[in-house]
Every structure is written in C-alpha cells, then in structure tokens.
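Engineer:
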Amino acid sequence: MPISLHNSLTRRTETFTPLDPDRVTMYLCGPTVYNYVHIGNARGPVVFDVLVRLLRRHYPNVVYARNITDVDDKINTAAQQLGVGIESITGRYAEAYREDMAALGIAPPDVEPRATAHIPQIIAMIERLIVSGHAYAAEGHVLFDVDSYPAYGALSGRDTEEMLAGARVEVAPYKKNPGDFVLWKPSTPELPGWDSPWGRGRPGWHIECSAMSEAHLGETIDIHAGGVDLQFPHHENEIAQSTCAHGGKVFARYWMHNGMLTFSGRKMSKSLGNVMLVHELLREHPPEALRLLLLRGHYRQPLDWSDAAIAQSISTLDGWYRVLRDLADIDVDTANLPVPATVEAALCEDLNTPQALAELSQLADAARQAGDVEAKRQAKAALLGAGALLSLLQQDPESWFKQAGGAAEVDEARIEALLEERRAARAARDFKRADAIRDELTAMGIAIEDGAQGTRWNVLKG
1 MPISLHNSLT
11 RRTETFTPLD
21 PDRVTMYLCG
31 PTVYNYVHIG
41 NARGPVVFDV
51 LVRLLRRHYP
61 NVVYARNITD
71 VDDKINTAAQ
81 QLGVGIESIT
91 GRYAEAYRED
101 MAALGIAPPD
111 VEPRATAHIP
121 QIIAMIERLI
131 VSGHAYAAEG
141 HVLFDVDSYP
151 AYGALSGRDT
161 EEMLAGARVE
171 VAPYKKNPGD
181 FVLWKPSTPE
191 LPGWDSPWGR
201 GRPGWHIECS
211 AMSEAHLGET
221 IDIHAGGVDL
231 QFPHHENEIA
241 QSTCAHGGKV
251 FARYWMHNGM
261 LTFSGRKMSK
271 SLGNVMLVHE
281 LLREHPPEAL
291 RLLLLRGHYR
301 QPLDWSDAAI
311 AQSISTLDGW
321 YRVLRDLADI
331 DVDTANLPVP
341 ATVEAALCED
351 LNTPQALAEL
361 SQLADAARQA
371 GDVEAKRQAK
381 AALLGAGALL
391 SLLQQDPESW
401 FKQAGGAAEV
411 DEARIEALLE
421 ERRAARAARD
431 FKRADAIRDE
441 LTAMGIAIED
451 GAQGTRWNVL
461 KG
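Here UniProt numbering is used: the first residue of the sequence shown is 1, the next is one more, and so on.
1. At 3 residues or longer, and completely inside the segment 129-185: list those beta strand (DSSP E) runs for me, N to C.
2. Return helix, strand or coil for F263, following the three-state DSSP convention.
3. Can you tell which of R57, L383 and H246 has the C-alpha that lies nearest to the C-alpha of A358?
4. Confirm the yes/no value for this check: CB of A364, any heavy atom of the ligand GTP, distance under 8 Å.
5. Taking DSSP as the reference, what is the three-state secondary structure of D450?
6. Three or more beta-carbon pairs under 8 Å between the segment 289-300 and the segment 339-353, yes or no?
7. Here's the rule I'm using: 16 or more other beta-carbon atoms within 10 Å means buried, otherwise exposed. How should P287 be labelled?
8. Indicate whether P203 and I119 have their beta-carbon atoms separated by less than 9 Å.
9. The beta strand (DSSP E) with D222 in it runs from where to where?
10. Checking 9 Å against the spacing of the C-beta atoms, do G201 and G140 come in under that value?
11. By the 10 Å Cβ neighbour count, where 16 or more other Cβ atoms means buried, how is G85 classified, buried or exposed?
12. According to DSSP, what are the bridge partners of G371?
13. Go ahead and pull the three-state DSSP assignment for D304.
14. Y64: which of D49, D72, E420 and D73 sits nearest, CA to CA?
15. Within this structure, are the beta carbons of Q394 and G387 separated by less than 9 Å?
16. List the endpoints of the continuous alpha helix (DSSP H) containing A287.
17. Where does A404 land, buried or exposed, given buried means 16+ other C-beta within 10 angstroms?
18. Determine which residues share a DSSP beta bridge with M46 and list them.
19. Any chance you could list the alpha helix (DSSP H) runs of at least 4 consecutive residues sitting entirely within the segment 40-103, in chain order?
20. Put Y321 into one of helix, strand or coil per three-state DSSP.
21. Rounded to the nearest angstrom, what separates M1 and P21 at their Cα positions?
22. Answer with buried or exposed for T90, where buried requires no fewer than 16 other C-beta atoms within 10 angstroms of its C-beta.
23. Would you call the CB atoms of V228 and G259 closer than 9 Å?
24. Can the beta-carbon of R426 be found less than 9 Å from the beta-carbon of A413?
25. Between which two residues does the alpha helix (DSSP H) containing M212 stretch?
26. Put W198 into one of helix, strand or coil per three-state DSSP.
27. Skipping 5 residues on each side, what residues in its chain have a beta carbon closer than 7 Å to that of V275?
28. Assign R43 to one of two classes, buried (16 or more other C-beta atoms within 10 Å of its C-beta) or exposed (fewer than that).
29. Taking I106 as the reference, give the member of P45, I446 and D365 with the closest Cα.
30. Please state if the CB of Q241 and the CB of H257 are separated by a distance shorter than 9 Å.
31. My output table needs one value for L441: the three-state DSSP class, helix, strand or coil.
32. Which partner residues does residue 463 have in the DSSP bridge list?
33. Run through DSSP, which three-state label would A407 get?
34. Note the first and the last residue of the continuous beta strand (DSSP E) segment covering V24.
35. Please work out which residues of its chain come closer than 8 Å, Cβ to Cβ, to G273, disregarding the five sequence neighbours upstream and downstream, and give them in chain order.
36. Have a look at K175 and M125 and give me their C-alpha separation to the nearest angstrom.
Rendered as structure tokens:
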C-alpha cells in the first residue's frame, strides 16, 4: 500500500515517491548537546523512528541521518562555566542522548554526523555561496544574502518582514539586510575555532545541517524532518543555502514537522519551571509508557503531557501485557511476525499513530477472546507484530509488571468474581450493590469501564 505524508512545504498530503527507490534518504535535526534533553525533544525522534521503520518495510535501502550539533554558543558557555573544553561537554551529553533515545525504543540512525567533523565541508559550501553571489563576507563574518533568494519564506508561508517580526534576529551594522543570517562567525582566543578564508572562526548553526546532509545523503534528499519550532528560521535557512549552493536543485522533497509538547496546556519553558528531562523521567516511569504517550497524538498536532496521561499509558500497557502474559504458553515465531494490514494502513496515512494504536487495542481484544490454540497463536503473533512496528510490547510480560512504574500483581480471580457479582446485581437492578462493588474495586486500585463489549478493568496508578 502507498505511503502518504503531509508535506509542510506544499501544505498538502502527498503520496510518497522517493527520488531513488533503491536509496531512500531522510534527515532529522538532532540535539545540541550541552545538557540532558527534555521530553519535548524526544517527540520527533520517537514519531520519526516509526516512520523509518515503516519506510524500511517498503524500500530495500533507507539511509537515515540524525545529526549532533557539537559546536554552539550554549555549549561554549557551559564549557567556560566548568573550565573545560567543549569536547568534555559534548561527549558526555551526546552519549546521554543516545542512551535516553535507546531507552525510549528508538533505533539508532544509520548516520550520526557531528558538526565539528564536517568543518571542511561547511567551509566549502560557504565558498560556493560566496562565488555564486548568495553570501558575502563582512567584518570576519560570512552572511547569507536573503534578498538573493526570492523563494525565501516558502516553507513557513510568510513574507520576510512578517517572519523577522516574530523572530529574534541579531541586528548588526555589517548586515545588508536585517534578515541575513550567519554562515561563519569569528572566534576570540578563548572560544573554539577553525582556520578559514575569513579568519579563525566557527560555523553558524544553519549551515551545519546543510553541509552534513549533503555529505551523507546527497544534494537532494527525500525527507527532512524536525519540530515545528525549527520551521523558521532553521529549516527556512537550510532550504535557502542548500538550494543556492546546489545551483537551484531541490534540497528536500518532503518536509515533515511534529507539533510541540505542552504541559497541562502550557508551553514547556524554563521560565515556567515545567521542563522535564528525559533522563529523569526514565527513572520515574517505564520507558515504554513514555514512548506510548508520545505516540498517542497525531504527530502534526500539539500533545499535552500530564501525570494523568502517563498513568493512562501505563494502564494501557498493563492491559496489553496482561493479554500476553495470559498467552505465555502459546509459541509464536518471533523472527517472522506478521504486521496486521490495519496497523500498517493507519501508519501509511500520514503516520496516523492514534489510529494504529486503536488497531493495536483491537488486536489485544481479539487475542484476549481467542478460542483454540491456533487462534490464540495467530492473535498473539498479530499483536506482537503490530507492537514491533511501533516498538511497543518489546518486553517479557513478567518483566513489565515487575519494573518500577508497572502494575503490582493483582488478584485477577478476585476481580473477575466481583465483576461477575456486579453484573448479576445490575441485571437484578440492585444498583446499590453494584455501586458498592465498584467502590470496593476502586479501593483495591481497580478502575472499571462499561462498554458495548462488556466491562473492562485496569489498575489505577497513584
């Protein structure tokens, strides 16, 4: 079945057709490694990890790059405060980032380029921009001339004046236009720097991604992804400098942007004190529950993070793992798990993870109700296959229930007996007794939900 993706550049959902079906290329903007990343930084890597898994099912060779920004003013500040070289900061937090992403079930990228390892490529790209008249040197800086690229603003859909009004733009006397952005800037002796035709200095942030993408994926790539907060100015600037450096060639054929994470309806920010680090959340909650929460909303929409949402994710996983625990004696070929067509179809429709998760819940229900051994085997395999594509249900059920944040063992026989008694009471219209049983279950830490298919129960999380 074809894959459809919403292209931020055209503002349309389009059938994905790679430039070369034998080499599909994708680039995701990675972290600036000066501290632990917050949970909002993990949404893109989680949702686009699912996209890469989907692409690998459809194409024989997918080259996925996720960069590391390891030279930046924030890194310089952190290094100066500690009196160490930037390598001490970037090495530590790059490794912490890899560990955090792995804990969230994110497969490592095929390529993980670092900006500092691509200084020659960055300088070469800047030189091409100067020669072609799209950049100019001024007072030790090199700047991209925004006026030289008439299509500037196409990605964000705003004119230059509107974009600049809403962005923090450095005002400098050496700029021809206030919107001109830095490709290279001078470094004082205490700052990291590299020799260049314009003096000792360091690259601007935007040119790093363009050069790294070109070096590993080519001049035109299939998919460029990142958070919607990067749409302007970072991605807008990437398009301008890459297109001009490549003689007008299309830089990225499909642009994808994930929505932001909010906390109880408010934007996450240090000033509000609601920034939650992945490193700390992984100690407080099951990693798989964090991943599930990040997949619950459609990737293009904002997603609200709350304690209740985490509890619901844990409860959902409890239910799914309970099914797998009940089927522990049913053998399946885990090396050749089928992916149910309904789950794949949902993901092929612009990465509709909410629908894919709804289908996974249906598979869990089917597995719970399966009759003979063969039906149970097929249902279990389908459930595990769907989970594998989403990188969920990857643990042994017993391990899930024993880990921190997982449900404690409960007396399922006692719960089922109470539910049966409650069904009988309701049938007899003894609603007082039925309510008393609900209260008793609540006191036991059990929530019940009445639906068309009967009453379902989950463990409450405190």
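For every residue, glycine included, the Cβ atom is placed at its ideal position computed from N, Cα and C.
Structural biologist: By the coordinates alone:
1. Uninterrupted beta strand (DSSP E) stretches at least 3 residues long and entirely within the segment 129-185 occur at 135-138 and 141-144, given in chain order.
2. Of the three classes helix, strand and coil, the one that applies to F263 here is strand, per DSSP.
3. When R57, L383 and H246 are compared, the shortest CA-CA separation from A358 is found for L383.
4. Among the components of this structure there are no ligands whatsoever, and the ligand GTP is therefore not found.
5. If DSSP states are grouped into helix, strand and coil, D450 belongs with the strands.
6. Contact between the segment 289-300 and the segment 339-353 is present: 3 or more CB-CB pairs across the two stretches fall below 8 Å.
7. Here P287 is buried: its Cβ has 16 or more other Cβ atoms, across all protein chains shown, within 10 Å.
8. For the 9 Å CB-CB criterion, P203 and I119 form a contact.
9. I221 to G227 is the extent of the beta strand (DSSP E) around D222.
10. The answer is yes: Cβ separation under 9 Å.
11. Taking all protein chains shown into account, G85 has fewer than 16 neighbouring C-beta atoms within 10 Å of its C-beta and is therefore exposed.
12. Answer is none; G371 lacks a bridge partner.
13. Note: D304 maps to strand in three-state DSSP.
14. Of the candidates D49, D72, E420 and D73, D49 places its Cα closest to the Cα of Y64.
15. Yes.
16. With the sequence shown as reference, residue 287 is identified as Pro, and Ala is not the correct amino acid for it. P287: member of the alpha helix (DSSP H) spanning P287 to R296, first to last residue.
17. With a pLDDT of only 47 at A404, under 50, the local geometry of the prediction cannot be trusted, and the value read off the model is given with reservation. Under a 10 Å Cβ-count criterion, A404 is classified as exposed, with fewer than 16 other Cβ atoms of the shown protein chains found around its own Cβ.
18. Residue 46 is actually Val in this sequence, not Met. None; V46 has no bridge partner.
19. If only uninterrupted alpha helix (DSSP H) runs of at least 4 residues are considered, those enclosed by the segment 40-103 are 73-82 and 86-103.
20. If DSSP states are grouped into helix, strand and coil, Y321 belongs with the helices.
21. So the two alpha carbons sit approximately 15 Å from each other.
22. A buried status is given to T90, since no fewer than 16 other beta-carbon atoms sit within 10 Å of its beta-carbon.
23. Yes, these two residues count as a Cβ contact at 9 Å.
24. Remark: C-beta atoms of R426 and A413 do not approach each other more closely than 9 Å.
25. W205 to L217 is the span of the alpha helix (DSSP H), which, as asked, contains M212.
26. In this structure, W198 counts as coil in the three-state DSSP scheme.
27. For V275, where only same-chain residues beyond five positions count, the Cβ hits under 7 Å are H38, M268 and S269.
28. R43 counts as buried, since at least 16 other C-beta atoms from the protein chains shown sit within 10 angstroms of its C-beta.
29. Nearest option by C-alpha distance: P45.
30. For the 9 Å CB-CB criterion, H257 and Q241 do not form a contact.
31. For L441, the three-state secondary structure derived from DSSP is helix.
32. Since the first and last residues shown for the chain are 1 and 462, residue 463 lies out of range.
33. Note that A407 scores 43 on pLDDT, short of 50, meaning its location in the model is unreliable; the coordinates nonetheless yield the value given after this. If DSSP states are grouped into helix, strand and coil, A407 belongs with coil.
34. According to the DSSP assignment, V24 belongs to the beta strand (DSSP E) that extends over V24 to L28.
35. In its chain, beyond the 5 residues on either side, no residue has a beta carbon closer than 8 Å to the beta carbon of G273.
36. As the crow flies, the alpha-carbon of K175 is around 20 Å from that of M125.
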